[in-house]
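Report on one structure; see the data block that follows.
Residue numbers (UniProt numbering): 1 to 225.
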């Protein structure tokens, strides 16, 4: 079993050489997932099974949010569980030396599905649907930009923006917790959370666009076949 530093080094190699030490949030999150993934790796749990479990749990987040009353509190717990699973599948793959290109693709698809489920829960709580749709589109645009920039020659993930997975989980959980504790004002709390998501997603997209443009400047364009 690799040490924590060994795990961080492997993670960096799989993410274009991005140094986790550049962000306290990233390093702290990876340290937590390393500790939680060790027992699963020792039990030889398949990484794809952890990914599938996270997607399954994410489907319950909007369902719990739509139930009203105190159920949004359960939605918040579900979102946290999904976030943990999202980090665990990659950690298990690294610790068991089972990281693969397919696993990376599957994890990315699972992330987009769970992003949609999280933001959908705010609409079901009563947030204006235009705000929810805007948050989803901005989130997906940023992730597409990052993927295309990586394919075009950007060596790593570019930059940790203000609208990464942890931020999305925090915003959705805050909206769900507030709505669960104050059900009479659930639509208002959901609207605040969705609005915050739109603002953070806009800023995050701008951050990523600036860094991607800078990183890709001077990279030769491959001729089309």
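Note that CB positions come from ideal geometry on N, CA and C, so glycine has one too.
Bear in mind the structure is a predicted one, so any value in this text is a computation, not a measurement.
Closest in C-alpha terms to residue 146, from the list 208, 34 and 107, comes 208. A Cβ-Cβ contact shorter than 9 Å links residue 188 with residue 126. Taking a 10 Å sphere around the C-beta of residue 5, we find fewer than 16 other C-beta atoms and assign the residue as exposed. Residue 131 and residue 60 have their C-alpha atoms some 22 Å from each other. Rounded to whole angstroms, residue 184 and residue 124 show a C-alpha spacing of 14 Å. If you draw a straight line from the Cα of residue 78 to the Cα of residue 12, it comes to about 28 Å. When DSSP states are grouped into helix, strand and coil, residue 15 belongs to the coil group. Straight across, the Cα-Cα distance linking residue 134 with residue 76 is about 21 Å. Looking at the backbone, the Cα of residue 205 and that of residue 142 are separated by about 5 Å. Going by DSSP, residue 202 is part of the alpha helix (DSSP H) stretching over 186-216. DSSP, read as helix, strand or coil, puts residue 46 in coil. Counted as a single uninterrupted DSSP element, the stretch harbouring residue 22 is not any alpha helix (DSSP H), since DSSP gives it neither H nor E. Secondary structure within the stretch 101-175: the alpha helix (DSSP H) runs of 4 or more consecutive residues, fully enclosed, are 101-125 and 129-152 (chain order). Residue 19 is positioned such that its CB atom lies no closer than 9 Å to that of residue 106. Between residue 157 and residue 197, the alpha-carbon positions lie close to 21 Å from each other. In the three-state scheme derived from DSSP, where H, G and I count as helix and E and B as strand, residue 67 is classed as coil. Short of 6 Å from the beta carbon of residue 169, and not among the five residues preceding or following it, lie these beta carbons of its own chain, in chain order: 79 and 83. Within 10 angstroms of the beta-carbon of residue 111 lie 16 or more other beta-carbons, which makes it buried.
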